[in-house]
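Student: Converting from the sequence shown to the numbering used here requires adding 38 to each position, the first position being numbered 1.
Sharing a structure, written as structure tokens. Questions coming.
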Amino acid sequence: MLKFRRRSSEGSETVDDLTRLWILRLLVPLGVHRSLLTRHGVQNEEIVTAIGLSEWIDPDAGDFDLGTARAKLREIHAEAERCLREAKAPAVLRANIDRLAQLLGLSAVDCQILEFAILIRNERLLNDTADFLGVLSSAKATYVLSMLLDLPETQVKAALSAKGVLARTGLITMDHQGPSVFGGNQLRGKLILLNERFGERMLTEEDDPISLLRDTVSPCTPPHLTLDDFDHISASLKVLRPYLRRAIAERRRGVNVFLYGDPGTGKSQLARVLAKDMDCELFEISSEDENSHPVDGKQRLLAFRAAQCVFSHRRALILFDEVEDVFDDGNSAFGCKSTAQSRKAWMNRMLEINPVPALWLSNSVDCLDSAFVRRFDMVIELKAPSKGVRERIVQDACGDFLPKATIARIAASDSLTPAVIARAASVVGAIREDLENYEAARAFEHLVSCTLEAQGHSPVKKDGCTAELPEHYDTDFINADTDLAAVADGIAQAKAGRLCLYGPPGTGKTAFGRWLADRLGVPLSVKRGSDLLSKWVGGTERNIARAFREAKEEGAVLLLDEVDSFLQDRRGAQRSWEVTEVNEMLTQVESFPGVFIASTNLMDGLDQAALRRFDLKVRFNYLKIEQAWGLLQKHCGGLGLSAPEDNLRQSLSRLSALTPGDFAAVARQHRFRPVSSPAMLVAALKAECLLKEDGGKAVIGFT
């Protein structure tokens, strides 16, 4: 017989009738009283007080008789079984569970288990009492629940099985891991709830099920783009749209589509556009809770499974963004598998039977291993939109204050994505009332340029920096070893051709590409070596492939300047990536169906196999005297000067390395250093030639 001191009952915690009944069932039928009431005293005075036993073991009443205390506990339990068997959970919780039961088809047993799983997380004394049971196996946890809820053990086991509604919806998952020496598998821990906030909401907010699941899944906002903005993937959409429409109408199972592409290319917008096109709801699996804390991959998969059940009878699509959380959250260097890999069979099964079509989004397809890739019905890369689409998006977002010329110049940035446009437009829109049109245009362009530079891309080209065809361009003023006009006529008929233009800088190679595109009536896509080179392994190859793909989609003439950056002879390669870059370039050149022009100043050292891929090699040389004289006369007229006198012809003939580019450079200088006479124009041309290595050599080609 031992004395003990009891804490004052003032401020002690009270429990409702249902919780009190469960605590007493833990104490008596399940034997927890042996751990609570011992020869050494009471192990938790709050539990004793909450069940009404404290007066029988009051230290002021004398010695503590363990036998008497346990006998009185059995009497209290028996009375509770008589009087509290009809006790119910809080009204808000019951109302919310009833709504879930109607939506998901929960049985009465499912509802009772869900009530308990929620209350044990919110009734501290119930959880404290259950902790005296210690570490539990799954079988023991099932038995305990059957005793607490007064249900047949077989029914509890079936309800908590993997095939049960609770597990299939993700509302409750039984943790089947073996007992832990750290005590992690106590009763509360065995019943894994969808998420903790879900349990709190079920007790405090009487609301529709979707609102209760908002840490799990949330409705998506309408799109601000349209199907027209995705013309650049029209080939994929021609298959995807009717497939999704049929899948929704027929309630086809296992429909999953993987969309990947660089950040900002419009993947989530495409999902919203597709949902609108299908006339169905779109719900997104949450990646963070309402406190902006990230949700791990395991919880997101549970949320996905819950959403599949919640929306299985609705006309809906489910969006799972940032799938790296599931497919690429491991660490292979340390032997750690990703969430999906560690649950591979379960994941594969889920991708085969999900009743609601799902769109899975990622920045890269590299996060998927091949076993998962083949589980998706379609795998679609979402690329940056074409220039025409970019112009339309900028026009829709900012057409009220951006001039058409500015829209075209901004849209010329190949790296511009819908997300960058939308964000800049949103910022400018917020302060639009405080800005004049020209100020709004300048602010929008500034924001776009800053974002592009932060992403590692070139900013928007300033007005006047965009290359255009020279005012006096004429193939008669190009010294080429081929009749360029005849070549253009042939290409116009064939609609295809691969040309390699080589020769000194400024001789008109790039200008010819622009002239040819204008003559064919198609866009021109100009890429330089600096545009395609990447510091990342494989990045240059991807950029090369993208350049050819975009030109094909736009029906553009592709002009690749500085092609020697990619076509160096592979026999001299010292690194593997030097070979792969050439291989990628050759592959793309050979398969390109349109007009491709490669220009270079250096023919020496080019890969011989590459040269064989070109239909025609054209040499561009310095101007002949007749061409130089004709071009001088044209520029004198264009600058408002008098006609050049014949004595200037001899001075001009001494300029051995004169090119059309030199005339263009002097014309630009005229804006800030006016040329006042034909003689001054020739002097300026001479200055340009003297800067070249071969500017002082004997006359070449002047006859």
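Each residue gets a CB set at the ideal place from its N, CA and C atoms; glycine is no exception.
Is S603 helix, strand or coil when you go by DSSP?
Tutor: Taking the sequence shown and counting its residues from 1, one reaches residue 603 at position 565. Three-state DSSP puts S603 in a helix.
Student: Where does the unbroken beta strand (DSSP E) through E319 begin, and where does it stop?
Tutor: What you label residue 319 is simply residue 281 of the sequence shown in a count that begins at 1. From DSSP, the beta strand (DSSP E) with E319 extends over 319–323.
Student: Should N76 be labelled buried (16 or more other beta-carbon atoms within 10 Å of its own) or exposed?
Tutor: Counting from 1 along the sequence shown, the entry for residue 76 is found at position 38. Note on residue identity: the sequence assigns Thr, not Asn, to residue 76. Classification of T76: exposed, given that the 10 Å Cβ count is below 16.
Student: When DSSP builds the beta bridges, which residues end up paired with N659?
Tutor: For the purposes of this step, residue 659 is identified with residue 621 of the sequence shown, where counting begins at 1. DSSP output for N659 lists N517 as bridge partner(s).
Student: Can L74 and V182 be called in contact, C-beta distance under 9 Å?
Tutor: As a working mapping, residue 74 is identified with position 36 in the sequence shown. As a working mapping, residue 182 is identified with position 144 in the sequence shown. Cβ atoms of L74 and V182: not closer than 9 Å.
Student: Are the beta-carbon atoms of T513 and W553 separated by less than 9 Å?
Tutor: For this step, residue 513 is matched to residue 475 along the sequence shown. For this step, residue 553 is matched to residue 515 along the sequence shown. Yes.
Student: What is the C-beta distance between C258 and L340, in whole angstroms, given that I count them as a contact (C-beta under 8 Å)?
Tutor: Counting from 1 along the sequence shown, the entry for residue 258 is found at position 220. Counting from 1 along the sequence shown, the entry for residue 340 is found at position 302. Their Cβ separation, rounded to whole angstroms, is 20 Å, which puts C258 and L340 out of contact at 8 Å.
Student: What does the alpha-carbon distance come out to for the pair F349 and E491?
Tutor: Position 311 of the sequence shown holds residue 349. Position 453 of the sequence shown holds residue 491. For F349 and E491, the distance between alpha carbons rounds to 42 Å.
Student: Would D315 and L265 be called neighbours here (beta carbons separated by less than 9 Å)?
Tutor: Here residue 315 refers to the residue found at position 277 of the sequence shown. Here residue 265 refers to the residue found at position 227 of the sequence shown. Their beta carbons are under 9 Å apart, which means D315 touches L265 by this criterion.
Student: Report yes or no: do the stretch 153–163 and the stretch 224–242 share at least 3 C-beta pairs separated by less than 8 Å?
Tutor: Of all C-beta pairs linking the stretch 153–163 to the stretch 224–242, three or more are shorter than 8 Å, placing the two stretches in contact.
Student: If V70 sits next to L171, beta carbons under 8 Å apart, how far is it from one beta carbon to the other, in whole angstroms?
Tutor: Against the sequence shown, residue 70 aligns to sequence position 32. Against the sequence shown, residue 171 aligns to sequence position 133. Indeed, because the Cβ distance is near 6 Å, the residues count as touching under 8 Å.
Student: Can you have a look at V277 and say buried or exposed, based on whether 16 or more other CB atoms are within 10 angstroms of its CB?
Tutor: Stepping through the sequence shown from its first residue, residue 277 is reached at position 239. The residue is exposed, with fewer than 16 neighbouring Cβ atoms inside 10 Å.
Student: Near H708, what residues of its chain come up, given a Cβ to Cβ distance below 7 Å and the 5 sequence neighbours on each side ignored?
Tutor: The sequence position of residue 708 within the sequence shown is 670, counting from 1. Here the set comprises L677.
Student: Considering only residues of the same chain and omitting the five flanking positions on each side of A722, which have a CB-CB separation below 6 Å?
Tutor: Indexing the sequence shown from 1 puts residue 722 at position 684. Correct list, in chain order: V704.
Student: Is the stretch 644–657 touching the stretch 620–628 in the sense that three or more CB pairs, one from each, lie closer than 8 Å?
Tutor: yes
Student: Ends of the beta strand (DSSP E) at T211?
Tutor: In the sequence shown, the residue the question calls residue 211 occupies position 173. Run containing T211: 210–212, per the beta strand (DSSP E) assignment.
Student: Taking the alpha-carbon of N475 as reference, which of T455, L507, C436, V458 has the nearest alpha-carbon?
Tutor: Locating residue 475 in the sequence shown gives position 437, where the first residue counts as 1. For N475, the nearest C-alpha among the options comes from C436.
Student: Quick check on the DSSP output: what are the complete alpha helix (DSSP H) runs of length 4 or more inside the stretch 368–451, in order along the chain?
Tutor: The DSSP assignment places 377–380, 382–391, 408–411, 425–436, 442–449 as complete runs of the alpha helix (DSSP H) inside the stretch 368–451, in order along the chain (cut-off: 4 residues).
Student: Do you know how far the Cα of G292 is from the Cα of H270?
Tutor: Working through the sequence shown from its first residue, we reach residue 270 at position 232. Working through the sequence shown from its first residue, we reach residue 292 at position 254. Cα to Cα, H270 sits roughly 27 Å from G292.
Student: Do E243 and V130 count as a contact pair if the criterion is CB distance below 9 Å?
Tutor: Counting from 1 along the sequence shown, the entry for residue 130 is found at position 92. Counting from 1 along the sequence shown, the entry for residue 243 is found at position 205. Their beta carbons are under 9 Å apart, which means V130 touches E243 by this criterion.
Student: DSSP puts S563 in a beta bridge; with which residues?
Tutor: To locate residue 563, count along the sequence shown from 1; it is residue 525. Beta-bridge pairing links S563 to L596.
Student: Please state whether DSSP places C488 in a helix, a strand or coil.
Tutor: Here the question's residue 488 lines up with position 450 in the sequence shown. DSSP places C488 in helix when its eight states are reduced to three.
Student: Does the beta-carbon distance from I516 to Q671 come in below 9 Å?
Tutor: Residue numbering aside, residue 516 sits at position 478 when the sequence shown is read from its first letter. Residue numbering aside, residue 671 sits at position 633 when the sequence shown is read from its first letter. It is not a contact, given that the beta carbons lie outside the stated cut-off.
Student: Of the residues F439, F482, A109, T444, which one's Cα is nearest the Cα of A460?
Tutor: Reading the sequence shown from its first residue, position 422 is the one you call residue 460. The option with the nearest alpha carbon to A460 is F482.
Student: Taking C-beta to C-beta, are V601 and T638 nearer than 9 Å?
Tutor: Against the sequence shown, residue 601 aligns to sequence position 563. Against the sequence shown, residue 638 aligns to sequence position 600. With respect to the 9 Å criterion, V601 and T638 are classified as neighbours on the basis of their beta carbons.
Student: Could you say which of A457, R132, I635, K499 lies nearest to S563 if we only look at CA atoms?
Tutor: On the sequence shown, residue 563 is found 525 positions in, with the first residue counted as 1. The shortest Cα separation from S563 among A457, R132, I635, K499 belongs to I635.
Student: Between the C-alpha atoms of R580 and A422, what's the straight-line distance to the nearest angstrom?
Tutor: Start at 1 with the first residue of the sequence shown, and residue 580 comes out as number 542. Start at 1 with the first residue of the sequence shown, and residue 422 comes out as number 384. Roughly 13 Å between the two C-alpha positions.
Student: Beta carbon of D267, beta carbon of I431: below 9 Å?
Tutor: What you label residue 267 is simply residue 229 of the sequence shown in a count that begins at 1. What you label residue 431 is simply residue 393 of the sequence shown in a count that begins at 1. The answer is yes: Cβ separation under 9 Å.
Student: Is DSSP giving C258 helix, strand or coil here?
Tutor: The residue you call residue 258 lines up with position 220 of the sequence shown. Correct three-state label for C258: coil.
Student: Suppose the cutoff is 6 Å on Cβ atoms and the five residues either side in sequence are ignored; what does the same chain contact list for G535 look like?
Tutor: In the sequence shown, counting from the first residue as 1, residue 535 sits at position 497. I529, V633, D653, listed in sequence order.
Student: In the DSSP assignment, what residue or residues form a beta bridge with T638?
Tutor: Sequence index remark: in the sequence shown, residue 638 carries index 600 (1-based). Beta-bridge pairing links T638 to Y540.
Student: Need the endpoints of the alpha helix (DSSP H) that Y181 sits in, please.
Tutor: Counting from one through the sequence shown, the residue named residue 181 turns up at place 143. 176–187 is the span of the alpha helix (DSSP H), which, as asked, contains Y181.
Student: Does the beta-carbon distance from R352 to E322 come in below 9 Å?
Tutor: In the sequence shown, residue 352 corresponds to position 314, counting from 1. In the sequence shown, residue 322 corresponds to position 284, counting from 1. No. Outside cutoff.
Student: Where does N294 sit, in a helix, a strand or coil, going by DSSP?
Tutor: On the sequence shown, position 256 is the one that residue 294 refers to. DSSP places N294 in strand when its eight states are reduced to three.
Student: Taking 8 Å as the limit between beta carbons, can you name the residues of its chain near R343, skipping five residues before and five after?
Tutor: Counting from 1 along the sequence shown, the entry for residue 343 is found at position 305. Excluding positions up to five away in sequence, the list reads R206, T207, G208, M388.
Student: To which residues does DSSP link P332 through a beta bridge?
Tutor: The residue given as residue 332 occupies position 294 in the sequence shown. Within the DSSP bridge table, the entry for P332 names E326 as partners.
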